Every structure is written in structure tokens, then in C-alpha cells.
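Visitor: Chains as they are written, first to last, in the numbering used here: chain A, 1 to 352; chain B, 1001 to 1352.
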């Protein structure tokens, strides 16, 4: 048996490392390559051990653990959702995650996932839209111009050819921020003063608002035939963005039905309302868009496999980019049965 | 509102930090103080949001997430169990954990937990034994002399006055290692050549073997009246250490019945066999030891509240001992809605 060096060390990708990785690879290429990982993992959906997230709810928010495994790799993400956090300068959502080797249980990568979740969410939206959006759509309405908006814009530019953006947010400062950040990146950007205005001429409508309540961002009359709706803001019980009538006119695509019934837009519908899981469209087991007049809805809540894919993507970039630090996370005594002796030897080495 | 500095930073206690913390505090005091935290948290058992661990099983082992929350703090532990790992020089069990603030969902501490789990397991055993072991017992048989054994010995010395140890392991090298590590720490140590020999004169029998199979470390004839058995090696389905007949003669105490039915010694018994949860003994709701002839059994599998207590204990020692590093784990843009802009500014600062 070959001795394995540094069994105690786990690579850690910090927030700073992740920013530099995005900059080194380029945001659009990062999103496109990551989308390839997400699509590849959805394609082998049936290999995964799937569980709904494990949530700890409190008055102020929720803390969730999202595990997933394909039998060779295991991943989980820690993620919180606390809408009031912005009042104290904190993020509504922060996250970190871990990738581990199923054969040994040893962690292989610890990574920040606040930025990475924003990237994987946008990449997944674009994967779904490639199967569901009307062909040739080059204009997207972006309703909700917060932390997720620019990532969505870039993923749809890189993967679907969206070059025209129509922005709307209840807070004009958010729209201005989004437009400023995307300036010079190849978009024709139109800030809009109403949702009705924003959806004009858009083949794709992305809703990414953050209200933790049953809101009605889109009403039925705003949604014309042939539109693809990418609804990513409704993602927990009691938080939805679309009027129920839109759902009834749409063909609804989801990540994992049992989770989306609880957390997605379809929490407004009876539990037997038909849905199609995205992996079935990707594998060809079910049709995506079938006609020019069809309204398609991707009712996205975020699923653990996407985090698995994202951590796998980052792990595969470690050697090339070397943007990580080495974390002394795992005890590694010379004799695995001698944990206590390791502590004693630490004392001896310190004293000596 | 007062700005909070360094919202991105989470203190990280590495393996090296944890060893130095144990050495700085002293193992016996660490165990005793930690036991105080465990006992205090068990005393307010009903405040906790309790769930069984979330396990991902594979052919070679298991990866588990163990969450717990008291409504103000949230903790989870990642822990693996892979018996074959020792063949490649790895630990059977490694672990790390996180403590977070329920009000914001923000992590407060990331810590190695391989060493910390060994400490909290021993501390919990000693808490239970204070309520269950025969009064005045000063001799303990320690069956299984692996990674957990020295921690058990020291916890029972510090908290119950155990000064005589009778050691047995199927591998004499493990016994020699345990005896060597404990030399000079205040014990009279007797290495034994059989389990029958080891249990002679012992008021407490601790079993801490690692076989992943239904083993029979203790048979019925080895266990006399009045003994306390501290059984910590049986901790997953199919892994037990005690003959069923011992269980039938014992009053059985557990951490959390639903989990222990699946993972503990009592998986050998019908699902309605009576057990007493430890917290009920600690709060006085149920009796512990009631007579000199009674056989008491603490069927310990490890419960998430103990990890919660352990992380809370370490968190409370950060400021005094300063044995941690600062981890850039959380994205902290100036404007929480401007995650993408934060990345762009990182590029600008690098280029500048």
C-alpha cells in the first residue's frame, strides 16, 4: 500500500478564491461549463440517492442541509434563508458545501457556496431553458434585480443567445445596480417602470424576487402564448411569485417533484397536478417544448444535485487554477487507533 | 445599526488547534467541563429540535449529518464510519462540525470534530455513569483499547474517581498502546488476557470495540450483580457488542430512543422493550440506579445534542485561548443584493 501524504488536509475554496476563480475562467465560460456538469448529472438522475433537504425552521428563517450522492461522490450544502438579514447588512442566503469520497467518507473539498449557488442556479435555469424556451428568443424580462439577476443574464446570454434585457425591480436602485454591473458585457438593456412594460417582447421571463410571502409578481394577462417562464424566486413554503391562473395555462417542469410540491409555485395547486421532471426532458423520456404557442414554466427551487455538480466542477478546477488553501480538518494519527497519543506527541513537540 | 466587522469571517478550529486546546486546558478538565455542558443541555432536552441523523449508506460505510438546535443555536456534525479505512492508514471515523446562529443563519464556528467527538463521547459516558454506576466504584474494565479508550479512562477518573483500569483488546498491541498512553496519569493499570479476566472486580465495564457485525464481546455469565455497563461500540444497524441475555437482565438507559432502537444494543430486542432516556434521569423525572444489585446499561450510540454541547463548549473557549484561524467562508458584499458587483470589484482591485 502506498502511503498517502497529508491525509489531514482538505482543500478549502474561500470567497476570495471563488471570486478569483470566476474571474480567471470568465463568468460566461464558468456558467456554460458548470451547466455542462449540471446537465450531465441530471442525465444520470437515476444513479443518485435523492432526499429532500433537511430543514430547521425558525421564526426568522430556515437553515437547511442538502445532501446528494451518486454512490462514488457525496456532497452536501449548508444554506440559510433569512429575509430580514439585509436589515443588518447580512446576506439573505449564505452557503457553503462539502464534497466527499463515498468509499472512505473523507472530505475532498470544502467550499464557499454563496457565490457558487448563484452560479449553479443560473446555470440550471439556462439548462432548462435550452429545452423549454422558444427558439430564437433573444429578449429576456428580468423581474427582480437582486443578487441573482446578473448571473441569470450572463447564463442566458452565453447559452441561449439572449442579448436584450428588460429589467424591473420594485426598487429602482436594484435595477440601476443590475444595469450598471452588466454594462459593457454585450447586452442592450432597458430599465422598465412596470412589470407590464418589462415583459413586452420578451420570449423568456425570469422572476427572481425575494419576498417571503405569496406574492403575485406575474398575473395571467401579462403572459402571452409561447413564453418560457423561469421562476426561481419561489423556493419555500408560503413564497410564490406567479398567479395560479398562469400555472393552469402552463406546462410545468420541475427539478424533483416531492420537493417542489412543498417549496415551488405548484404549492398553489392540487398535489396531483401534472409536472414533468427536468431530467426526463434531458434524457428524452419526456418532451420539452412541443409547440410555438405553448407556455412553459420551469418552477425552480434549487436541488441538491445542482450543488453536487457545482462542487464537482470546482474540484475539477483545483489543480489547474490552484485557488484554494489547505485546511487541517481531519485528524491523522500515525496509528488510527492512537488519537490520544497524537495529542500527547503534540505536547511533546511543543515542549521540545 | 452598528456595522458588524468581518461578516465574512468564521472562526475555524483545526486539528492542531484542537490538540493545543486540549493540552492548554488539560484533558481531564476539558472532559469535566464539557460534561457540564452536555449535562446542562440534556437537562433542557425538551427545548431541542431533535431529529435522527441523516445517513447515506454505501457498501463500505456511512456518511451522516447530525443536526440539532435549541432555537437560539444550531449545530450539525458531518461524520463518517468506514471500518475498512484503517487498511489504508485512514481513520474509521472522522468528523467536523458547525455552530450557527439561528436568528441569522450565519455560521459562528467551524471545527474539527474527530478529536472533539472522542472527548464528547467520553464526557457523555461519564455523565451517564454518575447517575447509573455503583457508588464508590474505583475499578473499570475497558474492553476495546482503540482510539476511544484513553478518553473514557480519563473522563471516568476525573468524574467518578476510577483509578484502577483492567484493559483488554483482541489485539495486545492496542492494549499496550493504551497502557503506554495512560502511564503516569494516575491509574493502576492491569493488562488482561481475556475479557473474563478484565471484568474481575470491576464495578464499571466499558465496551468500545469497533467490529461492524453483531459481536458478543460480553456474554451473560461475565456480568455480575450491581455492575454498570457503558456500551459505546454498538452504534449502527448490525453492530452490537452484548449478548441479548445481558440486555434482558439490565435496566437500559439511552440517549434518544428512536435512534437507539435502530443503532444501539437494543436493536436485538422487541421495539416495545422498556428504556429510559438519560435526560429523564438527569432532570429527576425517572430514577437512575435504584439498588446495589441492579445491572444498569448505558446503550450509547452518540446523539446530536452532545455535538451541539461540544461545539458550544469550544465556541466559549475561543476568546480566552485564541486557538483558531479566521476562515473567509461567507460572501459579504457591501450591498447584499450586489454579489456580482463584489466579484467585479475583486477584479478591479486585482488589476489595480
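From the three backbone atoms N, C-alpha and C, an ideal C-beta is built for every residue, glycine too. Given the structure is predicted, the values throughout are model-derived calculations rather than measurements.
1. Taking contact to mean 3 or more Cβ pairs, one atom from each stretch, closer than 8 Å, check whether the segment 318-330 of chain A and the segment 4-18 of chain A are in contact.
2. Considering only C-alpha positions, which residue in the set B:1180, B:1204 and B:1142 is nearest to residue 1160 (chain B)?
3. Taking residue 1250 (chain B) as part of the beta strand (DSSP E), name the residues at either end of that continuous run.
4. Any beta carbon from chain A within less than 9 Å of residue 1112 (chain B)'s own beta carbon?
5. How many angstroms separate the CA atom of residue 942 (chain B) from the CA atom of residue 1263 (chain B)?
6. Have a look at residue 1245 (chain B) and residue 1142 (chain B) and give me their C-alpha separation to the nearest angstrom.
7. Quick check: the Cα distance between residue 1344 (chain B) and residue 152 (chain A), rounded to an integer number of angstroms?
8. Around the C-beta of residue 171 (chain A), are 16 or more other C-beta atoms found within 10 angstroms, so that it is buried, or is it exposed?
9. In the segment 1158-1188 of chain B, which residues sit with their C-beta less than 7 Å from some C-beta in chain A, listed in chain order?
10. Is residue 1303 (chain B) close to chain A? Criterion is C-beta to C-beta, closer than 9 Å.
11. Which residues in chain A sit within 7 Å of residue 1082 (chain B), going by Cβ to Cβ distance?
12. For the segment 1049-1073 of chain B, enumerate the residues whose C-beta is nearer than 8 Å to any C-beta of chain A, in chain order.
13. Which bits of chain C does residue 78 (chain A) rub up against, with CB to CB less than 7 Å?
14. Below 8 Å, can you find three or more Cβ-Cβ pairs linking the segment 1062-1077 of chain B to the segment 298-318 of chain A?
15. Quick one: is residue 1315 (chain B) near chain A, going by C-beta distance under 9 Å?
16. So, with DSSP's three-state summary, where would you put residue 1339 (chain B)?
17. Which same chain residues end up closer than 7 Å to residue 1222 (chain B) when comparing Cβ atoms and leaving out the 5 residues on each side of it in sequence?
18. So, helix, strand or coil for residue 208 (chain A), using DSSP?
19. Between the beta-carbon of residue 1341 (chain B) and the beta-carbon of residue 180 (chain A), is there less than 9 Å?
20. Among the candidates A:174, A:278, A:43 and A:105, whose CA atom is the shortest distance from the CA of residue 257 (chain A)?
21. Using only CA atoms, which one of A:306, A:31 and A:124 lies nearest to residue 154 (chain A)?
22. Mind listing the chain B neighbours of residue 150 (chain A)? Cutoff is C-beta to C-beta under 7 Å, in chain order.
23. Would you call the segment 164-178 of chain A in contact with the segment 126-133 of chain A, where contact means no fewer than 3 C-beta pairs closer than 8 Å?
24. By the 8 Å beta-carbon criterion, what residues does the segment 323-347 of chain A contribute toward chain B?
25. Tell me the residue span of the beta strand (DSSP E) that contains residue 319 (chain A).
26. Say whether chain A places a C-beta atom closer than 9 Å to the C-beta of residue 1027 (chain B).
27. Hey, residue 1301 (chain B) and residue 1275 (chain B): beta-carbon distance below 9 Å or not?
28. Would you identify the three-state DSSP class for residue 1093 (chain B), choosing helix, strand or coil?
29. Counting pairs of beta carbons, one from the segment 1078-1089 of chain B and one from the segment 1057-1067 of chain B, are three or more of them closer than 8 Å?
30. Can you look up residue 294 (chain A) in the DSSP assignment and give me helix, strand or coil?
31. CB residue 1149 (chain B) to CB residue 1178 (chain B), shorter than 9 Å?
32. Going by CA-CA distance only, name the one from A:134, A:67 and A:306 that's closest to residue 1054 (chain B).
33. With a threshold of 9 Å between beta carbons, is residue 143 (chain A) in contact with chain B?
34. Would you tell me roughly how many angstroms separate the C-alpha atoms of residue 252 (chain A) and residue 296 (chain A), rounded to the nearest one?
35. Where does residue 1011 (chain B) fall in DSSP's three states?
36. On the DSSP bridge assignment, give the partners of residue 1081 (chain B) in chain order.
Guide: To lay it out plainly:
1. yes
2. B:1204
3. 1250-1254
4. yes
5. Absent from the structure is residue 942 (chain B), since the part of chain B shown begins at 1001 and ends at 1352.
6. 21 Å
7. 16 Å
8. exposed
9. 1174, 1177 and 1181
10. no
11. 104 and 105
12. 1049, 1051, 1054, 1056, 1058, 1060, 1061, 1062, 1063, 1065, 1067, 1069 and 1071
13. The structure shown contains no chain C; its protein chains are A and B.
14. no
15. no
16. helix
17. 1195, 1196 and 1199
18. coil
19. yes
20. A:278
21. A:31
22. 1340
23. no
24. 327, 328, 329, 330, 331, 332, 333, 335, 336, 337, 338, 339, 340, 341, 342, 343, 344, 346 and 347
25. Run containing residue 319 (chain A): none in the beta strand (DSSP E); it sits in the alpha helix (DSSP H), 318-321.
26. yes
27. no
28. coil
29. yes
30. coil
31. yes
32. A:67
33. no
34. 6 Å
35. strand
36. B:1062
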